Each structure stands twice: as C-alpha cells, then as structure tokens.
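Have a look at the structure below, then the notes.
Protein chains: 2
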Amino acid sequence: MANITKKVSWSSRTDESGAAGEGTPLLNGSEQSRLSRQDSARGRLHEIPHNEKLLSLKYESLDYDNIENQLFLEEERRMSFMSFRCLEISRWVVCGLIGFLTGLIACFIDIVVEQLAGIKYRVIKENIVKFTEAGGLSISLILWAVLNSSFVMLGAILVAFFEPIAAGSGIPQIKCYLNGVKIPRVVRLKTLVVKVCGVICSVVGGLAVGKEGPMIHSGAVVAAGVSQGRSTSLKRDFKIFEYFRRDTEKRDFVSAGAAAGVSAAFGAPVGGVLFSLEEGASFWNQMLTWRIFFASMISTFTLNFFLSIYNKKPGELSNPGLINFGRFESEIMEYNLYEIPLFIAMGALGGILGALFNVLNYWLTIFRIRYVHRPCLQVMEAMLVAAVTATVAFTMIYFSNDCQPLGPEHTEEYPLQLFCADGEYNSMATAFFNTPEKSVRSLFHNQPGTYNPLTLGLFTLTYFFLACWTYGLSVSAGVFIPSLLIGAAWGRLCGILLASLTSTNTPWADPGKYALIGAAAQLGGIVRMTLSLTVIMVEATGNVTYGLPIMLVLMTAKIVGDYFQEGLYDIHIKLQSVPFLHWDAPATSHWLTAREVMSSPVTCLNRIEKVGTIVDTLSNTSTNHNGFPVVVQVSDSDEPAKLCGLILRSQLIVLLKHKVFVELAQSRLTQRKLQLKDFRDAYPRFPPIQSIHVSQDERECMMDLTEFMNTTPYTVPQDTSLPRVFKLFRALGLRHLVVVDDNRVVGLVTRKDLARYHLGKHGLEELHLAQT
Amino acid sequence: MANITKKVSWSSRTDESGAAGEGTPLLNGSEQSRLSRQDSARGRLHEIPHNEKLLSLKYESLDYDNIENQLFLEEERRMSFMSFRCLEISRWVVCGLIGFLTGLIACFIDIVVEQLAGIKYRVIKENIVKFTEAGGLSISLILWAVLNSSFVMLGAILVAFFEPIAAGSGIPQIKCYLNGVKIPRVVRLKTLVVKVCGVICSVVGGLAVGKEGPMIHSGAVVAAGVSQGRSTSLKRDFKIFEYFRRDTEKRDFVSAGAAAGVSAAFGAPVGGVLFSLEEGASFWNQMLTWRIFFASMISTFTLNFFLSIYNKKPGELSNPGLINFGRFESEIMEYNLYEIPLFIAMGALGGILGALFNVLNYWLTIFRIRYVHRPCLQVMEAMLVAAVTATVAFTMIYFSNDCQPLGPEHTEEYPLQLFCADGEYNSMATAFFNTPEKSVRSLFHNQPGTYNPLTLGLFTLTYFFLACWTYGLSVSAGVFIPSLLIGAAWGRLCGILLASLTSTNTPWADPGKYALIGAAAQLGGIVRMTLSLTVIMVEATGNVTYGLPIMLVLMTAKIVGDYFQEGLYDIHIKLQSVPFLHWDAPATSHWLTAREVMSSPVTCLNRIEKVGTIVDTLSNTSTNHNGFPVVVQVSDSDEPAKLCGLILRSQLIVLLKHKVFVELAQSRLTQRKLQLKDFRDAYPRFPPIQSIHVSQDERECMMDLTEFMNTTPYTVPQDTSLPRVFKLFRALGLRHLVVVDDNRVVGLVTRKDLARYHLGKHGLEELHLAQT
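First to last, the protein sequences are chains A and B. Residues in the first sequence are numbered consecutively from 1, following the numbering used here. Residues in the second sequence are numbered consecutively from 773, following the numbering used here.
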C-alpha cells in the first residue's frame, strides 16, 4: 500500500530519506494517539484504496515569516534607506526579468508547436489526399497514429523517467507552493526543461491537451531561479540577489512568475495577478501586487513582441497571449436581459458536466495510482491514448458527412476535402484535425452554419472522454484548452438549437456567443476558479461587455459542480495528501482550541545547549519536526519551560556545520563571526544531519543559540479557538506557532495540525496523518 | 489654532466631547513626555500653520479582529453548519442588495444631472443665440454665472451646514475607513443624502468636477446601512442581519460598497474590486473577494439596465458605467513599439503636472484651513468659484475663433454657433459648454482636426487652475473627471503636434489615442493609484490592448510625481492628521522595538473589578483609551500583572448599562443573562460614560469580566521589532496589541503608536500626537 501511495507522489524521489522513519512515531509527542491514528488509517487503507483521507507528513512548510534573530536585525539596522531603495529596485528588475523570460519561453513553445504541428498536419494531409482516391485510408490512419504516438512517447519518457513532477499542468503543484507547502523539486531548472519539452511533445502529439497550463508552472520555475541569482543545478552562483535567498522573498517572486505565466498563456495580465492572489498571497501587499502586475505585463508584452516579429508584422502589439480567442465584435455580441437565465442554465450544465469529468478523472486517477505506477507503464499508457485519439479523430472524420463550402477568406488552416465535393471541406476535420487552440477559435468565430449540430454533438462526446482520459497521464499538459473546447462545442450546439427554435430573432443568431458561454461554463465546472477565471476570459476575449454573464456562468458552474464533486485541481491535491490550508478554518470548528490542535509535548532546546543533545535531537527520526522552541532552563521537573525563542532545524544544521561552539569561539577569537550569508549560501538545500560529522569531543561542547534564534516567535494561549489560530497562521504565513500557557511552552502548532480539520459530509472531520 | 484645525476636520461635530480633555494628558501613561511632545507641537503650530506633522488622537480604530469572548464562542458553537451556510447566503444577498442600490443611486444621479444640465444648457444657449446678434452677450454671461452659482450655492449650503463630511469626493474618507480608522459620521444615511444632492448641484452648477468619485462614498454608505439591517437615523430596526453588527463584518461590506461604487462610476467591476483591495483589505480572503466582485457586477448591471430603459433601448447592456469613454476601435488604436518611449514621456509630464496640481491644492487647502472655515464663507467661496468658472468659460468661448464645421452626425449636444459662420460651431464651446464627461468623450473620439492646438492649450491651462481651485471646496464632487479632462486636452494636443511633425505617418494620425494616454497620465499624476487605475481605465475604454501602455504611463506618473509631492488623497488625509497605516512599516525602522513604541504604563482592570474603579477609569479623560488589559490580581507592588484578557470600553459601557454586577446576579437569578445581542443592539453608537448613572451603592459592587473579555488577545514580547509588530497589527486589522514580558502586561500598542513613524527626508520621523 505504501508503495502505491509513494509511486504517485509528486516527490517520490525524497522518499528514501523518509523511509527510515516509516515505523517510528511521527510528530513530536502524543505518540500513542498518533500511532494508533496511523494504524487505523493503515487499516482503512486496505479497504479504501486511495489516500485522500490522509495527510502526508512528507511535505514541509515554507517560512513566510522572517526569522528575526540578532543577525537579521543587525543586518537590517546596518542598511541605510538607500540600500532599501536599491533592494526595492532590484525586486522590480527581477520581476521584469521574470516576465521577460516567461514571455520568451511562451514564445518558444508557441513557435515550436506551430512549426512541428504544421509539418505533422501537412504530412498527414498529403497522405490522406493521396489515399482518398486510391483507397487505403487505413494507411493514413496508421501514419497519423504512429506520428502522434512517437511524439507523445518522447514527451512521456522525459516526464516519467527524468522528472515525474513535470507531469500534468503543474497548477496543483504551484497552488500548493503558493499556499506555503514545499513541494520537492517543483521549482528546479530540470523540471522546467522537461516541462517545456514535454508540453511541446504532447501538443504536437495531438493529445487533447493545451499548452497554457504548463506556462504557469514554467513561469514559477523561472521566478524561483532568477530571483536567487544562482542555479544549484548548474552550480553557478552569480553573487547577485543574495538578499532574496529565503522563503519569504522567493515565494513572492514565485507568485509573480505564476502570474507572468498566466499572462503569457492567456494574454491576461490582470487575470494573472488575480490568479496569483486567489491561489497564493495570504497577506495582500500593495507593492508586491504591483510588481506581480509588472511581471505579468512584461510577459505579455515580450510574447507579443516576438510573436509579432515571427508573424512578420513587427511592432503590432495588440493581439496578446498564447491562446487568443480572437476579437469579439461588440455589435454582434450584444446580449439581452432575457438571455441571462439561459446563460445561467448553461452554467448549471457546465457544472454538471464538469463534475462528471472530475468524477471520471478521479476514478481514473485511483486506477492509475493502483496499477499504472511504473514509468514504462505510464509511457505506454500515454502512447495508447495518443493512438486512440488519432484513431477516434480519424474515424469521426471518416464517417462524418458534414461538408461545408470553403469560404473566400479560407480561415481553416488544414482543410480536409476527403469525400466532400470540390470547393468544400469536411467540417468535423476543422475540429479534430487542428491544434485545440485553433479549434476553439473556429468554434467561437466561424460563421453561423459552419458546423451542423450532429458534428458538434459527436465531437463534444468524444472529446469529453478523450480529455478526461488524457488528464493525469504522465505528460506535461494543461486542461484549460480541452475544457474550453468541449464547452465551446456544446455551447455552439446550444446556440444553433436556440437559433433554429426562434429563426427570426436576430440576437440568437450568432452561435459564437453561446460557444463562449459554454466554454466558460465547462472550464468553470472543471477547475472551479471564479474571480481570476472571469478576468482571464474577459481579457482573452478582449471584450469587457461579457463580464457579468461570464461571472454568473462561472458562479453557477461552481455552485452546481461543488454540490457533486470538488474541482479537478483540489482532487489531485487531496489525492497527494498535501497539507493544504484553505482560506478559513472550517466554519464549525470553534469547539476546538489550540490545546486540542497542537502537537505536544514539544522537544525544546536550552538557550545554551550541549552539541550532543542537538545532534541527537536532529538525528532522532521520531522528532522529525523543523522548529524547536528555545527555552530558559528546562528543569528536571515536569513544569514546562519558559519560552525565549524559536530555532529551525536548518539553522541548527548550519551552526553544526560551521562548528559554532562556545568553546571554540574562545580559542579562535580572530576568526570571523557566522553571518547571515552563511545561512543564505546553504539555502535552500540544507544538508541532512547525517552528512555532518561531529566528533565525540565536540559532542561535549556547548552551543549558544541566543544570536541565531528568533527571539520573538508568535505565540498563542492554549485556549485560543481554532479559527483564531488558523487566521493568525494563515495571514502571516507561519510555519510554527508556539502554544504557551503563561509563557511556558506547552505545544507547537504546524501546518499539518491545522490542515487536518475539514468539513466533511458529517460535520467536522479529521484527516489521518501518514508518513507517505 | 485649535479652532482652525477643528473647523476643517472631517468630524468637527464630535469635538465637543473631546474638548473636555483638551488640557489633560492624552494617552495612558507617559504623561510627562507626551505632554511635552504636545506642547512642542503646539509651539511649532504657531510657526507652521498646518497640521500634517501631527497625528490626531480623535480618531478611533475599527475592530477588525473578532472579540472572542465566552459569549461569542458559545454562540458560534451553538451554530450548526447550516446556520453558517445561511449566514454565508445572507452575506451574498446583502452584497447583491448593495450592488443593486448603488447602481440605482448612480442611475438616479446620472439621470437627474443629465436632465438638469440639459435644461440649463438649453436656456443659456437660447439666451446666447438671442443676444449674439442683438449684442449684449454680457447678459448671457450673467445668466450663466447666476444659474451656476445658485446650483452651487444649494449644494454648498447642504454640505457646509448640514454635513461637512460629505464635502469632496469622499475617497480619502473611505480610504481611511477601509484602512481601519473610524471617521465619525462617514457612513450615515444623512451623509448619503447630502452627498447625492450635493453632487448633483455641483455638477449641474458647472464646476470643474465629476460625479464619479462621490459614487464610491455613496456605495460605502449604502453598504454600511444595508448590512446592519437597521437605520439609526430613521430609528428603524428590521431585525435582520443582526449577526453583521460588528466592525469586522461591517468593514467587509463597506469594501464591497466602495467597489460597487467604482464599478457603477466607471463600468469597471474588476477595477472596483482592485480598488477595494488596494485601499482596504489587509487580509485577502477569497470568499470576501468574490462577494465584492459580485456586488460590483450587480452594480454595473443595475445601472446599465436602468439606463438602457431610460435611453429607450431596454435590455441593451453593453455600455456600462456612469462615465463611458466610448468604444476605442482596436484598428485605429494600434500602437507600436517606438511609441512606448513617447507614452513614458507623457507619463512623466503627467507626473509633473499632477505634482504641480497637488502642490497648488495643498497651499490652497492650508489657506482654507486658516481663513475659510466658517460655513457661510465656504458657501460664498463655492459660489465665487462657480461664477468665475462660468465667466472664464464664457470669455474663452467669446474670444476663441476656432470654428469647426458641424458634421453630418452632429455629435455635439449643445453646439454654440456664436460668431462662427452658419453650419459651423465654436470648438472651444464643445469643451467648456458641456458636462465634463461629455467633453472627455469628445476629446477621445472626435475626428482629427476637430480642435485646433491653441484651443486645446488654452483650455488645458484654464481648466487646470479651475479644477485645482475647485477641489477642496465645501461641495460634493470628484476629481477624477476634471483630471481626465485636463489630461485628455494636453494629450490630444501632443497627438496633434506629433501628427503635424510627421504628417505622412498614419499611426500618429489619431489624436484620440494620445488623449487617452494623456488622461491616464494626468489622473495618475494627481491620485497616484496604479493597479486599480490601470484596470479602471482599461475597463472604461472597453479595450484590453492598452493595458501595458496605460500601466507604464501610470507607473511613470507615480514615480515622477512622488518625487515632488504625495498623491492628492494622501495630502488631504495627512492634513486631517488621520492615523493612517501604510502597507509596511518604514524600511529603516528595525531599530525600534515594541518597548519604544508602546504606550506605557497601561491601565489594567482586574478580572473581578469594583464598579467604582471601572466608572472612574472610563470617566478619567486622561485614560481615554478604548481597550483595557484584564489581569489577574494587580498587587500593590510595582510588578506588572499577568495578562488574562482584554476588554473594550464599549463592552464595559454595555455592562454598566445593564448593571451586570456580581451582587445583583445573585438576587436576580431568574433574570436573563446578558447576551451578544445586547452588545449588538448598542453597536455602533455606544453611549458615553457620562450618560450612565451609577449610584453610590452600586459603585461598591463588583463586576465579573471573565465572560465578556477576550481571553486570547494577541500579544508580542517587548523586544519585537517595529516591522514585526506592524505586520501583525496590519495583517490582522488589530486595534489593541498587548506588549508582554513573560506574560506580564508592560504596554499596549495601538494604531496611533504605529502610525506615528514615517519616513521623512531626514530618515525616520515621528509625528506628534495632538488632541484635535
């Protein structure tokens, strides 16, 4: 069982280190109860073959709170006003760079995909044309399937063997990161490379995927890299931006990167900012938001600029975004009051279809967790999906008899004539024989009558299942575009049906409008974002008019969808057992107080502590927590000790590595003092305690933590209610919150303690903690 | 001097109560130093005749933190999940209502202004036509000036005599409210009525003002009213939404109201949300943001819907907002890379002009504070401005010889022929003889060549000074539209000059584009908002393309403007000495710790306290603070006592009013217990302590505060650095933060203690506290 859970985890690589502690108690203290909890969890696991009722202990929190120790304060106090201003300027520079690079990556992906897809479709088209008359279209089918599968194989191998965390859209992972959970390897350079190559392969491989979702992940990786001024993977340190080497700053930049990604993907800078805020920022800071906005703007702008050069219209900057829904002219697109109930009904339909999609994908994911966890199996599944997609598409096109005349403007890029008369083309092929982005655009904008209802119905049905099967494969790919495409198809269908019911009424004549509403409904039903999605849709259509209808549709889709099943990203986050903190504590949790929630007893350290004790504490797998309250004189009595600070595991490790012992300090007075720089250099990959050698003599030395501990950790009394603890924790992005009774340490609240509680169907439920 | 400060204060009415404490020490403790501080402040005041270096003690904080006492927790624990869901639904209903009513008010203002202005302009036009040939245009001038003055007089009398706080745009006041400062009477029904009537009068009176700013204030008042389910002014209690009768909930709704106001004014729902967040919300909450967005959407929608009926095109919902910049067609409006430096230069110009505007207005405000503080003088000044505006406009029109042919579409509403040939009209009159909204639109959209450069130059110059003189008058009026108008005029001028320089180049041929950029630059230079303003401009133009240029322009304008002078709203906030908390603590304030910042010693109460002591504490004007730490046994020794809770002045007053004494409790066991409802009924206008009669016998009774105090107030150790204290205070919207040393109360940090510190030209400066 443990194996199964492990194999799908986003960070299976780090499990080795965790494996040692598998059988040991989990958090500090309450070992009895926790153990029994875990046991019962394991017992249940054999019955229920998935782990959404578990909370993994593997994930650590990011430290959004500054560690205000003496070193930090001294540095801040040394800094003049000008230094702060310089810092602020370099933050802007970094954000500009993030935007620029994200835009470049988006541009690269776009151009490569377009080129490769162009080659692929031309080859297949020629082949089809050749065999249409000669007979033997099955050869074309095989060619298509083989081409698709080979691209997808390449992408899947990259992902499955080299960097499993690059699978999928990356949005759930970035959501978690912005929420404050450290997902291992999620913002590494290697992940970015695999992601970019992977997404090109899967889009060119004709899967029902989009290239937009992965942009968000790419932007985040770029941000995490650029802001640190060095690459650990490439072992290059540019000695710049050293001040930003801590979780607080890094997380801010990653927000900007994610926003820049959204902005590049959808041409939606404001949507990007709102996405970052909706998913990430707990504490809204004006300057930060401006910087995020700046990164977003630069990103769209860069993409536009280079694409305009590529498209041989240099300097024309008015057509932003990877996906562009085309311009909706407001004259055609007017809506009327009586259409609003229709829109809401479509929203409800989107919610239901979205929930269905999510339920199917949930089952599929469970299946994959159980049976498809070996990389080679994953590659094979991806190839199978690619081949099936090609086959289904080909069959649909083959049996479709929806022939449409080729218009004079000739907007279809690869019109397939097949068995249609000369001067006509197969309408089903516009939807299938194209990159999904272009299909969406043609559904939005093609003249009324371009598609017949049967084509649209069949297309919706098949694409729905294909997209559902595809999401969760071990390839880099987004779910935005397939969702939009499904929605646009049935939305256009609705529009056509409405128009046919009331043939004389002009406002209903344009099915493109309904395609847009359908697309919003379907996407909203699947991912359940509302605020940012509204803005993204509005920006991508370039038309503000549709704000209210889209918002109503998205809200309806969310309400209806939530009734059945969670959003797709939340499902996947839950299946990974990530300790994700929502916006508020569960409504009915006022019953609980810090006393019930906290971990207790806590391992505390003395202000001047024996090195041996520290090493033992850190090595002890049963106390694998990351923050230790520092106390004044732990007496032998049972009385808890008085709190005077908090120190992190990572700090202790650096101290041990540099052998900052009291005895040595006297003998090497001339030597330089430990500085913040030493901590920054070790960030973010602090070595494990096992790699640090401490001799037997050194074990007898003493370590003075006064200078390094955070002397003013946030505390709460033990009677504080859970919502209050939650609010403090969430608003300040804490990692450890010390629970005190009259300034004596009685417990410690961490992310896992808070994320455990959630509202289930039978009121407040508690998730079980598990090592995996 | 005190008199002067008082007269301009936003809340002069409450000064009477404060007057008693004028000569007494101010905050709890440190009386010596505070007093001397105040004295020196007074000394300086005689030299410097304004009070921006002061921080008024008059303003109280809002309590954004829930008071988690036993009563509250019991109520929350009694509530089922369904009750929470119902609450959530009623929050949505309230937001919907807020949006609807705000939209209605906007619609009302718009229609009334349009009707009245129509009548006025028609009357004057007829008169001018009559006298143009007969000679004697001075009669027309007098008619115009008298009409204007009478409207303005009406508006100014309403504001000056009935509700001075309704003066101006209300945005600074709402900024303060959302920041957490309780500005007296700012969200009352009377204020709303005066505001609405006042803004109609001043716009119809032809002042250089807009009707958009006041919408934000109106929305906020609507929100504060609707969410409470009662009107204290009308003495009606609808017995609904009782749960929302506390600062936390009310402030959330006021955010929604302000957003709805922006949304109605500019047709910018997303801009509204961002405005609220930029100005208000410290803790970003997803559900709250959605509700705000919902209110904004409903508000735009309502306005649209009713205006579409008024305009005889019912159901046409695509033209939102009070101010509508008209549709910018993207074909004409394309911009090119090489235009971006031009835009940035225009942004810099906007910043300089904006700073000039602000400096002039600052001096003017100081002048007004000193000499124009009596209501009748204020009314007279307003009338004078109205008359001068009319005269200047008339003179400009009279001496202008910019005649333009009347086009076939005939877009000018009141074309004045004057001395032009038949079939032509006076171009200066389009700008002056019109409501400012329409002038802006014509500057954006009229054909190239409609204005000649001299007209635009003269118009910019005169309107700039008129607008500057007008802002700060005792009338309800906004500064958005005048700023846009000034900017549009010089922007268009730039465009014309550029076009004339490069006559062959098509992209520079359209001056409307430059008018838009100029408008953004000027507005940005004056108000210095960036994020929300970008979105508002983008939404109001209905065109996403201009996002990046507008953003760059606004950022440049802000950077350049900040170099010279603060934003207009900030100037006015500072002149009122409001303890406004910015986003972060000053950068170089790590030197300071809670110990230096806090007020100390603090008046503490015992858990079971003698009624007499409480009454004395509350009556003592030298301890006019609003929160009292509750401690266990204040011994007679000097050692500080152990903290066990925090209780508010308002709570104590309610307790005294209901005579919740230990002795009485035993004698009236059958009587009902004090409930949360009793506190809610008294909210928000708690009676002063003087109005509560406590007999000599009762003074000897004891009061048990256990049940009513907040048992888990947030605390910080006294070594906490100012930025850390600031962050906690700001992120959680606190009102009192107890400073402890080993759980013993040593001080109390309130808003004033934090707002005191700011970055001046010579590093960190401390503002002086003053009673006024």
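A virtual CB, placed ideally from N, CA and C, is assigned to each residue, including glycine. Values in this document were obtained by computation on a predicted structure and should not be read as measured data.
- Here residue 1048(B) is buried. Its C-beta has 16 or more other C-beta atoms within 10 Å.
- At a beta-carbon threshold of 8 Å, the residues of chain B lying near residue 300(A) are 1319, 1320, ordered along the chain.
- Contact between the segment 1018-1035 of chain B and the segment 857-877 of chain B is present: 3 or more CB-CB pairs across the two stretches fall below 8 Å.
- Residue contact check for residue 1362(B) against chain A: a CB pair falls below 7 Å.
- Taking 8 Å as the upper bound for CB-CB distance, residue 1420(B) and residue 955(B) are not in contact here, some 19 Å apart.
- Around the beta carbon of residue 1537(B), fewer than 16 other beta carbons lie within 10 angstroms, which makes this residue exposed.
- CA-to-CA, the gap between residue 561(A) and residue 1065(B) works out to about 20 Å.
- Between residue 660(A) and residue 702(A), the C-beta gap is not smaller than 7 Å, which leaves the two residues out of contact.
- Runs of the beta strand (DSSP E) spanning 3 or more residues and lying entirely within the segment 405-453 of chain A occur at 424-426, in chain order.
- Per DSSP, residue 1510(B) is not a residue of any alpha helix (DSSP H); the beta strand (DSSP E) it occupies stretches across 1508-1513.
- Judged by DSSP in its simplified three-state form, residue 1380(B) adopts strand.
- A straight line joining the alpha-carbon of residue 208(A) with that of residue 416(A) spans about 20 Å.
- Out of 1367(B), 1068(B), 1359(B), the CA that lies nearest to the CA of residue 86(A) is found in 1359(B).
- Contact annotation: residue 1324(B) and residue 1116(B) have beta-carbon atoms nearer than 7 Å.
- Residue-level contact check: residue 1491(B) touches chain A, since one or more beta carbons of chain A fall below 7 Å from its beta carbon.
- Setting aside the 5 residues that flank it on each side, residue 396(A) is surrounded in the same chain by 428, 432, 458, 459, 462, each with a C-beta closer than 8 Å to its C-beta; the list follows chain order.
- The three-state reading of DSSP puts residue 1492(B) in coil, since its state is none of H, G, I, E or B.
- For the options 132(A), 118(A), 757(A), the alpha carbon positioned closest to that of residue 419(A) is the one of 132(A).
- Restricting attention to alpha helix (DSSP H) runs no shorter than 4 residues, the segment 131-172 of chain A encloses them at 137-157, ordered along the chain.
- Taking 7 Å as the cut-off, the Cβ atoms of residue 158(A) and residue 198(A) count as close.
- Near chain B, meaning a CB-to-CB distance below 8 Å, the residues of the segment 558-587 of chain A are 583, 584, 587.
- Using a CB distance cut-off of 7 Å, residue 1378(B) does not count as an interface residue toward chain A.
- Cβ neighbours of residue 1367(B) within its own chain (closer than 8 Å, five residues either side excluded): 1490, 1491, 1511, 1518, 1519.
- Under the three-state reduction of DSSP output, residue 67(A) falls in the coil class, being neither helix nor strand.
- Using a 10 angstroms sphere on the CB of residue 1498(B), the tally of other CB atoms reaches 16 or more, which defines it as buried.
- One finds nothing in chain A with a Cβ atom closer than 8 Å to the Cβ of residue 1498(B); even the nearest lies about 12 Å away.
- DSSP places residue 1167(B) within a helical segment (H, G or I) once states are collapsed to three.
- With at least 16 other beta carbons inside 10 angstroms of its own, residue 1348(B) counts as buried.
- Going by DSSP, residue 629(A) is part of the beta strand (DSSP E) stretching over 627-632.
- In the assembly as shown, residue 376(A) is an exposed residue. Its beta-carbon has fewer than 16 other beta-carbons within 10 Å.
- The Cβ-Cβ distance between residue 1033(B) and residue 973(B) does not fall below 7 Å.
- Secondary structure of residue 1112(B) (DSSP, three-state): helix.
- Under a 10 Å Cβ-count criterion, residue 482(A) is classified as buried, with 16 or more other Cβ atoms of the shown protein chains found around its own Cβ.
- Judged by DSSP in its simplified three-state form, residue 1095(B) adopts coil rather than helix or strand.
- Residue 1473(B) sits in coil when the DSSP states are folded into three classes, being neither helix nor strand.
- Bridge pairing for residue 1009(B): 1002(B) [DSSP].
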